[in-house]
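Position 112, counted from 1, in the sequence shown is what the UniProt record's numbering calls 112; the numbers after and before it change by one each time, with no gaps.
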Amino acid sequence: MGRADTTKSYLDVVLDAPFLTLRGTGPDVEPTSLSGHVALFLTESTSIKEITLQFRGKAKIPMPASESLMNSTTSITYVVCNHDWSFLEGDKRHSRTLKAGRHFFPFHLEIGGTLPSSIHTAALGGASVAYKLRALAVRPGLAHNLHAIAPVHILRSFTHEALEYQQTLEIENTWPEKLMYSIMLPHKAWPAGDSVLAVLKLAPLSKGVAVTSIVTSLHESTKIYARSGAQEDTRVVASARHDIIDGAAVEIDPPPQRIATGMRVSCGARCLLSSSMGVYALKRAR
1 MGRADTTKSY LDVVLDAPFL TLRGTGPDVE PTSLSGHVAL FLTESTSIKE
51 ITLQFRGKAK IPMPASESLM NSTTSITYVV CNHDWSFLEG DKRHSRTLKA
101 GRHFFPFHLE IGGTLPSSIH TAALGGASVA YKLRALAVRP GLAHNLHAIA
151 PVHILRSFTH EALEYQQTLE IENTWPEKLM YSIMLPHKAW PAGDSVLAVL
201 KLAPLSKGVA VTSIVTSLHE STKIYARSGA QEDTRVVASA RHDIIDGAAV
251 EIDPPPQRIA TGMRVSCGAR CLLSSSMGVY ALKRAR
């Protein structure tokens, strides 16, 4: 996308937005629009038979072990959506001559709320949901056709007024004979790009017990539904450690990837992004 080479003819797909967002849950999902244009740059007058654009989404899941022995492929692919455009009117059997320069062909498509979000995981052999736009300019005879591919990223999120952005979450528990603790989150969900804030309160129950460090981690859980059943995988996507120094929490060796994502954000029909707080390291003071 966004090619600037003017030494030869080329085709390009330009999107109006870098990603599409479907907001809402269940049946109350707001539709969104996929729009942009196909750009054709010609260095000279050229005969073109047709110019087409295809929007296609594919879901890929691992093939069950019992079936992979009988097949050469390791995954199963499903088409989740498909839409086609044709930009040159008239009989496709005959060519049309387009003059040198830039030619633009706009496109627009309403995206309903039933589509899963884009996702990719290497867990359990790999699974993904991916969307692409493929443009093709067909030239007559033995001339090379022009083509271009552009990925389309579809995200799912809550609406701006969702209660998940307003409701607090508090967890209290006791480490018998050692510590009482509570974790308070000001929201149940965070928009993408925001920073996660958590308030941790600690109360020792015995003399000589002190908290020396706190490790906080954000976990991503991916559940894949295949013909063989559901499979789940969890990985740590971000973490931070704080040592208690003179009664204050001091971050130690800040990681390059900061915790800055939603604590519980749906990211597709077959994936859930969640987090957990821990571990709490305690040592008996001497």
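All C-beta atoms in this analysis are idealised placements derived from N, C-alpha and C, irrespective of residue type, glycine included.
DSSP puts residue i in a beta bridge; with which residues?
i	result
residue 287	Missing from the structure shown is residue 287; the chain here goes from 1 to 286 and no further.
Pro151	Lys132
Val38	Val13, Phe105
Leu185	Leu169
Ser47	Thr97
Thr216	Ala240
My output table needs one value for residue i: the three-state DSSP class, helix, strand or coil.
i	result
Gly125	helix
Leu200	strand
Leu142	coil
Glu164	helix
Asp84	strand
Lys178	coil
Ser118	coil
Asp253	coil
Thr73	coil
With respect to the beta strand (DSSP E) encompassing residue i, which residues constitute its N-terminal and C-terminal limits?
i	result
His242	229-245
Arg93	Neither: Arg93 is in no beta strand (DSSP E) and is coded neither H nor E.
Trp175	169-175
Asp12	10-15
Leu205	Note, Leu205: premise wrong, no beta strand (DSSP E); not H, not E.
Gly193	Neither: Gly193 is in no beta strand (DSSP E) and is coded neither H nor E.
Lys58	50-62
Leu22	20-25
Measure the C-alpha to C-alpha separation of residue i and residue j and round it to an integer number of angstroms.
i	j	result
Gly268	Glu232	Residue confidence is low: Gly268 scores 32 on pLDDT, short of 50, so the model does not pin down where it sits. Its coordinate-derived value is still stated next. Near 14 Å, if we compare the C-alpha coordinates of Glu232 and Gly268.
Phe19	Thr159	16 Å
Val265	Leu142	Reliability fails at Val265, whose pLDDT of 29 lies under 50, so the model's placement of it is uncertain and no value is given.
Ser213	Gly247	11 Å
Thr222	Gln54	30 Å
Met180	Leu202	6 Å
Thr7	Asn145	17 Å
Met184	Ser33	38 Å
Ala238	Ser118	21 Å
Ser195	Ala59	31 Å
Ala135	Trp85	9 Å
Glu172	Ser182	4 Å
Asp12	Leu133	10 Å
Ile252	Ser217	14 Å
Pro186	Ile61	36 Å
Leu205	Lys178	5 Å
Ala192	Glu110	23 Å
Thr21	Ser35	13 Å
Kindly give me the distance between the Cβ atoms of residue i and residue j, rounded to whole angstroms, as I take these residues to be in contact under 8 Å.
i	j	result
Arg96	Ile48	6 Å
Ser75	Gly112	Actually they are not in contact, since the Cβ atoms of Ser75 and Gly112 sit about 26 Å apart, beyond 8 Å.
Arg139	Thr46	7 Å
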